[in-house]
Amino acid sequence: MRSLKKIVCVLFTLIFTMSPLNAFALKESVWDKFDLNNIFYYDMDGEVCIPSSSNVSGSDIFMIGDSITVASESELKSKISGIEINAQVSKQFGGTNNNNKSGLQILEENKDNLRKVIVMALGTNGSVSESDIITALSIIGSSRTLILTTNYKLGDENAYNSNNSIIKTAAEKNSNVKVADWAAAVKNSPEKYIVNSDQYVHPTNEGKTLFAETIASATNGSGNGAIGSGNTLYNGNKILSDESLQLISKNQSVYEKSANKYNIPWQILAVLHYRETGLKVYNPSNGQGVYQLYSYTAGGTNSNAFKPAGDISTEEFQRQTDIVAKLIRDRYASGLNLNTDDGVKTFFFRYNGTAEAYIAQARSLGFTEAEAKRGEGSPYVMNLADEKRDSSKNPNWKQIRTDNGPMVSANQQPGAFLLYAAIGGSSGYSSCSTGNSGNGDLNATAIALAWPEHGHGLTARDSYKTALADVGLSNYGDYYARIGASCDAFVATVFRYSGVDPGFTCCGISGHGATWNYVTNSGKFEEVPNNASSLKPGDIRLSEGHIEMYIEVNGVGKIASASYGERTGEIGNFYDNSATFKAYRWKGN
719 MRSLKKIVCV LFTLIFTMSP LNAFALKESV WDKFDLNNIF YYDMDGEVCI PSSSNVSGSD
779 IFMIGDSITV ASESELKSKI SGIEINAQVS KQFGGTNNNN KSGLQILEEN KDNLRKVIVM
839 ALGTNGSVSE SDIITALSII GSSRTLILTT NYKLGDENAY NSNNSIIKTA AEKNSNVKVA
899 DWAAAVKNSP EKYIVNSDQY VHPTNEGKTL FAETIASATN GSGNGAIGSG NTLYNGNKIL
959 SDESLQLISK NQSVYEKSAN KYNIPWQILA VLHYRETGLK VYNPSNGQGV YQLYSYTAGG
1019 TNSNAFKPAG DISTEEFQRQ TDIVAKLIRD RYASGLNLNT DDGVKTFFFR YNGTAEAYIA
1079 QARSLGFTEA EAKRGEGSPY VMNLADEKRD SSKNPNWKQI RTDNGPMVSA NQQPGAFLLY
1139 AAIGGSSGYS SCSTGNSGNG DLNATAIALA WPEHGHGLTA RDSYKTALAD VGLSNYGDYY
1199 ARIGASCDAF VATVFRYSGV DPGFTCCGIS GHGATWNYVT NSGKFEEVPN NASSLKPGDI
1259 RLSEGHIEMY IEVNGVGKIA SASYGERTGE IGNFYDNSAT FKAYRWKGN
């Protein structure tokens, strides 16, 4: 049996060796990423991956500031309970003045005990350079988020253009850099928020509150998950009205009950309710219900249709909320980590249809391909996130308002992700996970267990070794399965260790073995088209002699797999094997 399995895996490798290559240029420094089967492996050093967190609080935030922070310290601590602040008048980002330590010096002195999120509210007292930001990032490391504030001077709105431009460019280039856009928040009514005296940069009483809200919104929507604490657009306007916030609070227990049942953030349900029926608890006449479930109800015509029209009971509202929560878990958010901002953005983009026109719009605005595929160019997801995504500021920011209709000027309704953040949903983190057992995320677990590059042979990544032991495969009878150098062992470990399917059967692919039979006949998986446009993270691709997983790394499709007797889990580029492989998606018990 072992010999047969080895032969099949060798043939599998030879098949890929004969596959045509895509044309591209490859620099010499990554020549060693090339494998026998013409797959180029993902270079983890080229990306920044931030551990996910759904419970970032003020105790996770360290803020360094100047006189603006000093003036607003009381408001900051009120908005973000537990925040640590080191602020001093005239403090600079990189320079020193009269024994006033720079922000960089403070980072260096505290580098062994830094919190998850670092806020540097500096720049009013001197320049901020690209090299300063690079130095800050090198001190805090890629596992933390750096938030930088823009600055504004009353009577001279261009005074800090250079600093602000450098800060925004750093955020565009680095996925763990975010902007707390104080300049944008005050510029529409600067006299209201900035004192008309002294240096013309210090906040009024109203400005202190707005400054604290701007920082809270950038760090975590609120710092403690409270509804409405981060309810401010980039221009200082409210995202949600007080009436809407009150209705969300009134319905929160319903959202939470369904969210807890299906392990999703309750804020997603609140946003969908707001976007689809304006937070009303009633059935519209189209039969599609509170959440306007078109596919589920076949446009309101099948037996699932929600009738009669009109107000509904709390019990019926709960039933419909359960239905949409299950659909989110099983369909729309399949393979996504909804405890991360990137995962939530991708979910909303999927829910709205993932229009290619919006992907193209994101590219035109300078977003990366991964960011484009997460919905950064979709008004449904990110409308009014900043000036370039505000049609009143950028006439080229467009929206499809009717099915199959043209792109026209976008409306002034905040995007779904902004609504989500306004009620405390934003985690402040990108899609990644440490792979801890039971995280419920196939995509993140596969990334955490597999080597990001080729060349490790039979040596498993430490996280993979831990997972093999945790799920009981380190004691399996077959040697290669025990060390993780077997395609079925890798996939089984991902499913078990993530907590998605602790009973995933291992091992055996060749000859319709146990794993092959489990995927095809257990009833827990459904066959889906095996092509790049249809696959979702966590989907299995299966042949007579091999099993592997489709994943996405920062929005880019990849393949995670091991090979019997050849290598443990590794990540490689996506390739088309639809002629010989079928694809399967987890649908649950």
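Counting in the working numbering, the sequence shown runs from 719 upward without gaps.
Even glycine gets a Cβ: it sits at the ideal position worked out from N, Cα and C.
Measuring straight from C-alpha to C-alpha, what distance separates residue i and residue j?
i, j, result
"F752", "H1172", "Below a pLDDT of 50, predicted positions are generally treated as unreliable, and F752, at 26, falls in that range; the measurement from the model is reported next regardless. Using only the alpha carbons, I get a separation of about 7 Å."
"Q964", "V999", "14 Å"
"E1089", "R1107", "14 Å"
"D874", "Q917", "11 Å"
"S976", "Q1036", "7 Å"
"I1269", "G1256", "6 Å"
"A1199", "G783", "53 Å"
"Q810", "V1099", "36 Å"
"S940", "H1230", "Its pLDDT being 33, under 50, S940 is placed unreliably by the model, and the measurement read from it follows with that caveat. The straight-line gap from Cα to Cα measures roughly 52 Å."
"N815", "Q806", "11 Å"
"K834", "G1053", "25 Å"
"L1056", "A1134", "14 Å"
"V895", "H1174", "32 Å"
"G1190", "N978", "29 Å"
"N1101", "D1188", "44 Å"
"E1074", "Q1117", "12 Å"
"A1164", "S1261", "20 Å"
"Y1215", "G1275", "22 Å"
"F929", "A898", "9 Å"
"Q985", "L1136", "11 Å"
Buried or exposed: where does residue i fall if 16 or more other Cβ atoms within 10 Å of its Cβ makes it buried?
i, result
"V1126", "exposed"
"S1110", "exposed"
"D1029", "exposed"
"G1017", "exposed"
"A1080", "buried"
"I885", "buried"
"P1113", "exposed"
"Y1012", "exposed"
"K1305", "exposed"
"E1033", "exposed"
"D1060", "buried"
"N1248", "buried"
"T887", "exposed"
"E961", "exposed"
By the three-class DSSP mapping on this structure, what secondary structure does residue i have?
i, result
"K1183", "helix"
"G1028", "strand"
"K1242", "coil"
"S771", "Low local confidence applies: a pLDDT of 35 at S771 is under 50, so the model's placement there is unreliable, with the coordinate-based value given in what follows. Three-state result, S771: coil."
"W1234", "helix"
"I1269", "strand"
"F1067", "helix"
"R1285", "strand"
"K1300", "strand"
"T1177", "coil"
"Q1010", "coil"
"R1259", "strand"
"T950", "strand"
"P921", "strand"
"V989", "helix"
"Q1117", "strand"
Going by CA-CA distance only, name the one from the options that's closest to residue i.
i, options, result
"T867", "I852, A902 and N1004", "A902"
"Y1009", "Y980, W984, I982 and I1041", "I1041"
"G859", "E826, G844, N843 and I884", "E826"
"S1240", "G1221, I836 and T927", "G1221"
"I957", "N1248, R1259, A1140 and Y911", "A1140"
"L1103", "T927, L1167, S907 and A936", "Per the sequence shown, the amino acid found at residue 1103 is Ala instead of Leu. Looking at the Cα atoms, A936 is the closest of the given residues."
"V989", "E1244, R1259 and Q970", "Q970"
"D1196", "V1189, C1224, H1174 and R1179", "C1224"
"N1366", "K1025, G1133 and S1021", "This structure cannot settle anything about residue 1366, because the visible part of the chain is limited to 719 through 1307."
"S1194", "I982, A1210, R1179 and D1180", "At residue 1194 the sequence reads Tyr, which differs from the Ser that was named. Nearest C-alpha to Y1194: A1210."
"V1271", "S1252, E1262, F1208 and L1160", "L1160"
"A1051", "P983, C1205, R993 and G1217", "P983"
"G1263", "S1228, S1251 and F1243", "S1228"
"A889", "S792, E974, I852 and K1183", "I852"
"A1301", "S1281, W1234, G1287 and N914", "W1234"
Rounded to whole angstroms, how far is the Cβ of residue i from the Cβ of residue j, which I believe are closer than 8 Å?
i, j, result
"A1278", "I1289", "5 Å"
"S836", "I865", "Residue 836 is actually Ile in this sequence, not Ser. Sure, about 7 Å apart at Cβ, within 8 Å."
"T995", "G1005", "At roughly 13 Å, the Cβ-Cβ gap does not stay under 8 Å, so T995 and G1005 are not in contact."
"Y980", "R1047", "4 Å"
"P908", "Y870", "7 Å"
"R1303", "L1176", "Actually they are not in contact, since the Cβ atoms of R1303 and L1176 sit about 30 Å apart, beyond 8 Å."
"I801", "V919", "22 Å between Cβ atoms; not a contact."
Say yes only if the C-beta of residue i is nearer than 8 Å to one or more non-hydrogen atoms of the ligand ADP, and no if none qualify.
i, result
"K819", "Of ligands this structure carries none, so the ligand ADP is not represented either."
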